[in-house]
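Everything on this sheet refers to the single structure shown next.
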Ligand SMILES: NC(=O)c1ccc[n+]([C@@H]2O[C@H](COP(=O)([O-])OP(=O)(O)OC[C@H]3O[C@@H](n4cnc5c(N)ncnc54)[C@H](O)[C@@H]3O)[C@@H](O)[C@H]2O)c1
């Protein structure tokens, strides 16, 4: 296993996967349509192709030019709210795009795929403890559904064509690379950490906190935040496991929950800024607490998150973001 194709490698998570793969000795090929990606996030050691996973003709050349041993697919749309108003857009990219990848894998005899899925496949989590991989899947928006369908496409292809897969269900991803100058950018980011940091930087007036009457210690919602470098390291750890023909679905989180107010207080400490906020009504379908068990990834892949301190996650993001 030597040559890895990273689709969506010019995006936030994909660009981090590229540098971790390169630093681990793999040859990396990047495919991205640059719709939401940035060429300056792509490490120069990688070979770049512009193409779109919705259009096989636009990217088949990658497989003609290169012997690809495994694909890591990060290409896709990521905005839950947008998926509700434009569901077809999400199924076309996140599900049909993956069907195209499988089609080409079959044609060029590529046997391994690592896929970015999401905790959104679980839907409304009502669970006191940690969320394990066998928690029932019941997505409540087209984004989660498009990813769950893609998971199914991959699992069926595995049964039919002997393709090995690692499917990763990410919880909340944050932070930036401390060694390479890469991090999250792009319009309309909807994740909590960038929104808090935009407020700290003065780009937003205040932070809206949805609900302060949840049955949690401080009344705000609790989520699991995983550092992007830890996340992509799990993907790198998956490659030797795939090489042994071991497939699996794995949650990726930190295993510890933080409330919105705890995240805010950490961000105030890290940035030294007073970050204004207001409480607003709960959003429909937002559970009180969602925290992952990543035990399976730890046991099967021999992986462990290193950024367990939320201050470090936020400070890495801030050091990148304040320079943008
Ligand atoms: N960011 C998170 O917190 C999070 C959480 C759960 C799952 N994920 C999943 O991780 C993956 C990467 O997310 P991200 O945050 O890096 O998003 P991102 O938007 O930064 O990156 C996606 C990349 O894919 C490219 N792309 C999109 N559609 C494409 C297509 N049809 N053909 C080729 N390239 C295309 C974009 O240009 C972009 O560079 C997504 O699939 C997302 O669903 C992300």
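Residue numbers (our numbering): 17 to 340.
All C-beta atoms in this analysis are idealised placements derived from N, C-alpha and C, irrespective of residue type, glycine included.
These numbers come from a predicted model, not from an experiment.
Which parts of the segment 256–338 are runs of the alpha helix (DSSP H), unbroken and 4 residues or longer, counting only runs that do not cross its ends? 276–287, 311–317, 326–337
How is the alpha helix (DSSP H) around residue 213 delimited, first residue to last? For residue 213, the uninterrupted alpha helix (DSSP H) run begins and ends at 208–216, by DSSP.
For residue 111, list the residues DSSP reports as bridge partners. None; residue 111 has no bridge partner.
Skipping 5 residues on each side, what residues in its chain have a beta carbon closer than 6 Å to that of residue 238? 232, 273, 275, 305
Hey, is the segment 241–251 in contact with the segment 174–194, meaning 3+ C-beta pairs nearer than 8 Å? yes
In chain order, what residues of the same chain have a beta carbon less than 8 Å from the beta carbon of residue 298, not counting five sequence neighbours either side? 226, 227, 229, 230
Restricting to Cα atoms, I'd like to know which of 23, 62, 17, 28 is closest to residue 207. Minimum Cα distance to residue 207 is reached at 28.
Considering only DSSP beta bridges, list what residue 243 is partnered with. 190
For residue 83, which residues from the same chain have a beta carbon less than 8 Å from its beta carbon, with the 5 sequence-adjacent residues on both sides left out? 19
Check: residue 24 C-beta below 7 Å from any heavy atom of ligand 2: Looking at this structure, you won't find ligand 2 anywhere; what it does contain is ligand 1.
beta-carbon residue 91 near ligand 1 non-hydrogen atom, thresh 7 Å: Because some heavy atom of ligand 1 lies under 7 Å away, the Cβ of residue 91 counts as near it: yes.
For residue 40, which three-state DSSP category applies? coil
Can you tell which of 76, 104, 301 has its C-alpha closest to the C-alpha of residue 124? 76
Taking C-beta to C-beta, are residue 38 and residue 70 nearer than 8 Å? no
Excluding the five sequence neighbours on either side, which residues of its own chain have a C-beta within less than 8 Å of the C-beta of residue 142, listed in chain order? 303
Helix, strand or coil for residue 220 per DSSP? Coil, per DSSP.
Roughly how many whole angstroms lie between the Cα atoms of residue 223 and residue 330? 16 Å
How about residue 26 and residue 46: are their beta carbons less than 8 Å apart? yes
Can you name the start and end residues of the beta strand (DSSP E) that residue 130 belongs to? Start and end: 128–134.
Using CA atoms only, rank isn't needed, just tell me which of 160, 177, 48, 135 is closest to residue 261. Residue 261 has its Cα closest to that of 177, out of 160, 177, 48, 135.
Extent of the continuous beta strand (DSSP E) run through residue 21: 19–23
Under DSSP, the alpha helix (DSSP H) around residue 64 begins and ends at which residues? Run containing residue 64: none in the alpha helix (DSSP H); it sits in the beta strand (DSSP E), 63–66.
For residue 201 and residue 327, the rounded distance between their alpha carbons: 20 Å
Residues sharing a beta bridge with residue 181, DSSP: 129
If you follow the beta strand (DSSP E) that residue 87 is part of, which residue opens it and which one closes it? 86–89
How close, in whole Å, do the beta carbons of residue 59 and residue 34 come, if the pair is a contact with beta carbons under 8 Å? 5 Å
I believe residue 96 touches residue 136 by the beta-carbon criterion, under 8 Å. Please report the beta-carbon distance rounded to the nearest angstrom. 7 Å
Candidates 159, 268, 140, 293: closest to residue 152 by CA position: 140
State the DSSP-derived secondary structure class of residue 226, mapped to helix, strand or coil. strand
Confirm, please, whether the CB-CB distance from residue 324 to residue 270 is below 8 Å. Yes.
When you compare the CB positions of residue 279 and residue 212, do they come within less than 8 Å of one another, or not? yes
Spatial distance of residue 118 from residue 290 (CA atoms): 49 Å
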